[in-house]
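Here's the structure we're looking at; comments come further down.
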Amino acid sequence: MSHSNGRVRYTVDADGNELWFELPDNITLRCPGDFFVACMLLEAMVSDRNIRVAPDIGISSELSASLFELQPVYCLWNTKLKETKILADNISSIGAVHCGGVSTYSGGIDSSYTLARHLNDISHVVTLNTFEGREQPAEYQALIRRHSQVLAQLNVTLISITSNYRELTERLRISHQFQHGIILGALSLLLGFEKTFIPSGFNATLLYPWGSHPLTDPLWSGNGRNVIHDGPITRVAKTKYLAANPMLLNNIQVCWKHVIGNCGQCHKCLRTMGALHFFGMQSEALPALKDLNLLLTYDVKSEQSVPFVEELALLALNTGHEHIAKKLFRKIDRFWLTFHLQETIKALTGDTLRKAILKFRGQDWSTYRVRVDDKHPS
Ligand SMILES: [Zn+2]
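Shown next as structure tokens:
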């Protein structure tokens, strides 16, 4: 453990790698050891090894209880994984150490909605540099300052946590799509609030294996701590909800291109601008949508992006913009046609051709050792 500039850094040796996280030194922690074990869980599961925790590192029995429930689900999601045991000498039962609630917060629509909806319960929010901004630290720090100032006006304290776990898991070829859910759940064990809200990224009509999931997130609860997968509704409905909280609405940060500020041109900015336009809302964080046809520049490239285009298309339809809706639905149809064609090729060629195509196109995720949905032996 080391202190510097009001922050404390916890460091361990994880299988020969330096693994650390850092946060303000005035935050009482429930159990740092639990967080480190969670960082290494998937590596242990994929390499079929137990996790041996050094005697000077304490972990909680609640971690073991959660992993006992979570691992069978993870093994179903990815058949390469094996259940692992946590071997530790220093185990104790630890309850919540903070009253009230904490949520993650990036300024995106999901986390803004959760904060707005549970403002009476949430006293603290957490930002993690391992989601956005880890490659642009100066811009990220500016974003943290902006968020802190806005949230202070709502009596919410921001806890900025930085870590190098993602560098390690990327090096180990573990997909962040899987790992992120484990990290969000582990925050509850690390910080020990009575309630930990995990803002849902998807609506409840489309559930598939994904790191943060309404089935698995609550399994991180225990001994006076509740972990809540919050708000599995459409993102456009969340956008509408933010009309009641202009402070959070004017602080939204949704851009794919910029860590701080929104470009107003990327697909995620345009999607959000489209929803605001259809609802007749405005956010100081984004320019108004001048030309509706800009919404049609959106390419549906993955299953995960389908629900967001679909809900925008429905909103367009319900607000009298049939021509836009029709074109957006057509994009979704075209995506599914290509998707099923690729699945057919995969079935016919044993996945070899598809992998070769993805590699050729440089789609990095296809090369991960641990993916969130992997049911076939390699
Ligand atoms: Zn943008």
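Using the working numbering, the first residue of the sequence shown is number 24, and each one after it goes up by one.
Glycine included, C-beta positions come from ideal geometry on N, C-alpha and C.
No experiment lies behind these values; they were computed from the predicted model shown.
Rounded Cβ spacing between residue i and residue j (contact assumed at less than 8 Å)
i    : j    : result
A111 : I82  : 5 Å
I347 : L318 : 6 Å
L405 : V277 : No information on residue 405 is available, as it lies outside the stretch 24 to 401 that the chain covers here.
L150 : H121 : Reading off the sequence shown, one finds Thr at residue 150, where the question assumed Leu. Not quite, the Cβ-Cβ distance comes to about 17 Å (not below 8 Å), so this is no contact.
D322 : W100 : Contact flag wrong, Cβ pair sits at about 27 Å.
D57  : A209 : 6 Å
V60  : I109 : 6 Å
P78  : N113 : 6 Å
E238 : V96  : Per the sequence shown, the amino acid found at residue 238 is Leu instead of Glu. Between V96 and L238 the Cβ distance is about 7 Å, and since that is below 8 Å, they are a contact.
N226 : P330 : 6 Å
L104 : V69  : 6 Å
T402 : T262 : Any question about residue 402 goes unanswered here, given that the chain covers just 24 to 401.
S84  : S116 : 5 Å
T107 : N73  : 5 Å
G215 : R53  : 3 Å
E92  : L242 : 5 Å
L315 : H344 : 7 Å
G297 : E217 : 38 Å between Cβ atoms; not a contact.
L86  : L212 : 6 Å
V332 : L351 : 6 Å
F302 : E326 : Their Cβ separation, rounded to whole angstroms, is 26 Å, which puts F302 and E326 out of contact at 8 Å.
V173 : N274 : 5 Å
K398 : T51  : Actually they are not in contact, since the Cβ atoms of K398 and T51 sit about 42 Å apart, beyond 8 Å.
Residue(s) in a DSSP beta bridge with residue i
i    : result
I167 : DSSP lists no partner for I167.
S115 : S83
I283 : DSSP, once it has assigned bridges, lists no residue as partnering I283.
D322 : The partner list for D322 (beta bridge, DSSP) is empty, contrary to what the question assumes.
I251 : F220
H236 : Partner(s): none; H236 has no beta bridge.
R30  : S27, P47
G245 : R248
I109 : I74
G156 : For G156, which the question treats as bridged, DSSP gives no partner whatsoever.
T185 : E45
T180 : H147
N101 : D397
Unbroken alpha helix (DSSP H) run spanning residue i, endpoints
i    : result
N295 : Sequence inspection shows Thr at residue 295; the Asn mentioned does not correspond to that position. First-last of the alpha helix (DSSP H) with T295: 290-302.
S211 : 199-214
F331 : 329-341
H363 : 345-372
D133 : 132-140
V395 : Here V395 belongs to no alpha helix (DSSP H), and DSSP marks it neither H nor E.
V259 : 258-264
P269 : 269-272
Any non-hydrogen atom of ligand 3 within 7 Å of residue i CB
i    : result
N285 : In terms of ligand content, the structure shown lacks ligand 3 and carries ligand 1 instead.
Residue-chain proximity (residue i, chain C), Cβ-Cβ < 8 Å
i    : result
A267 : Here chain C cannot be found, since the structure has a single protein chain.
Where the beta strand (DSSP E) containing residue i begins and where it ends
i    : result
T192 : Where T192 is concerned, there is no enclosing beta strand (DSSP E), although the alpha helix (DSSP H) it sits in stretches over 188-194.
V148 : 145-151
T127 : 121-127
At least 3 beta-carbon pairs within less than 8 Å: the segment 280-297 vs the segment 232-252
No: the two stretches stay apart, fewer than three of their Cβ pairs being nearer than 8 Å.
For the pair the segment 151-160 and the segment 355-363, tell me if three or more CB-CB distances fall below 8 Å.
Remark: fewer than three beta-carbon pairs, one from each stretch, lie closer than 8 Å, so the segment 151-160 and the segment 355-363 are not flagged as touching.
Inspect the CB distances between the segment 121-135 and the segment 217-224 and report whether three or more fall short of 8 Å.
yes
Using a Cβ distance threshold of 8 Å, determine whether the segment 138-146 contacts the segment 174-184, with at least three qualifying pairs required.
yes
Identify every run of the alpha helix (DSSP H) within the segment 33-91, keeping only runs that are complete inside it and at least 4 residues long; order them along the chain.
55-69
Quick test of the definition: if touching needs 3 or more C-beta pairs under 8 Å, does the segment 192-205 touch the segment 43-60?
no
Is the segment 198-217 touching the segment 63-76, taking contact as three or more C-beta pairs under 8 Å?
yes
Cβ pair count under 8 Å reaching 3, the segment 302-317 against the segment 158-168
Proximity of the segment 302-317 to the segment 158-168 falls short of the contact definition, fewer than three beta-carbon pairs being nearer than 8 Å.
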